[in-house]
Amino acid sequence: MSAIGLGSDRLVIASHNPGKVREIAELVEPRGILVESAGEAGIDEPEETGASFAENAALKARNAARQAGVPALADDSGLTVDALGGRPGIHSARWAGPDKDFAAAMERVHRELADAGDWSAAFVCALCVAWPDGAQRVYEGRVTGTIVWPPRGDKGFGYDPIFKADGHDITFGEMEPQAKHAISHRARAFNKLVADLFGDDGA
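Heads up: the sequence shown runs through residues 786 to 988, numbered per this note's numbering.
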């Protein structure tokens, strides 16, 4: 029995990023919820004008819920690098440009780190669930680690090939999906969502 309840067996994932949609769907669908992406629902993404991951996630979730008339789940996440003052941060996707060239984005991270002695980094995720009536709830997750170079692995997406989580010897790009789900920033945020909405720990 849910603690708060989704109130629907249908959920729109407010993203046009196939990697994000796939990861979130794999976390949600075991609960018997029918998932569709913003693209499948014919929903355009709003301009991300927020100053934080949480604000941008809320913008996208509210927009999708309003257009679809059902609950919507939005993710805003990115890579924060200590020596770069937290960049690329909320601009992580923009560093990849209009063509979503994350190889170029990873090259930029490496180039801007240059001879920095500290390659500490973190992946941060904010998930927002919004309902058509305007209600919303936000959950945040974070996993710390280190930038590695050159990129390693062809699994995952985005900056995964250059991020090695603390306590692990391989990058997110080298991890099997289930292994990444167990420790990722998105999974940590999702576990908070599950505890709040469904009244359990997501196990």
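No residue lacks a Cβ here, since even glycine has one placed at the ideal position from N, Cα and C. A quick note: this is a predicted structure, and the numbers were derived from the prediction, not measured.
- Shown here, Lys885 sits in coil according to DSSP, grouped into three states, outside any helix or strand.
- For Phe908, the secondary structure class from DSSP, reduced to helix, strand or coil, is strand.
- Minimum Cα-Cα distance from Ala915 among the listed residues Arg807, Gln852, Gly817 and Ala826 corresponds to Gln852.
- Straight-line spacing of the CA atoms in Tyr924 and Ile828 works out to 23 Å.
- A direct Cα-Cα distance of roughly 38 Å separates Leu869 from Leu791.
- Ranking Asp794, Arg795, Ser793 and Glu821 by CA distance to the CA of Val806 puts Glu821 first.
- Taking all protein chains in view, the Cβ of Trp880 is crowded by 16 or more other Cβ atoms within 10 Å, so the residue is classified as buried.
- The beta carbon of Asp794 sits closer than 7 Å to the beta carbons of Gly817, Ile818 and Leu819 from its chain, once the five residues preceding and following it are set aside; these are given in chain order.
- About 6 Å separates the beta carbons of Val928 and Ser969, which is inside the 8 Å limit, making them a contact pair.
- With fewer than three CB-CB distances shorter than 8 Å, the stretch 885–895 does not count as touching the stretch 952–962.
- For Val813, the uninterrupted alpha helix (DSSP H) run begins and ends at Pro803 to Val813, by DSSP.
- Each residue's CA atom was taken as its position, placing Ala843 and Ala859 some 7 Å apart.
- Inclusion of Gln921 and Arg872 in the CB contact set at 8 Å is not warranted, their separation being larger than that value.
- Arg851: member of the alpha helix (DSSP H) spanning Phe838 to Ala853, first to last residue.
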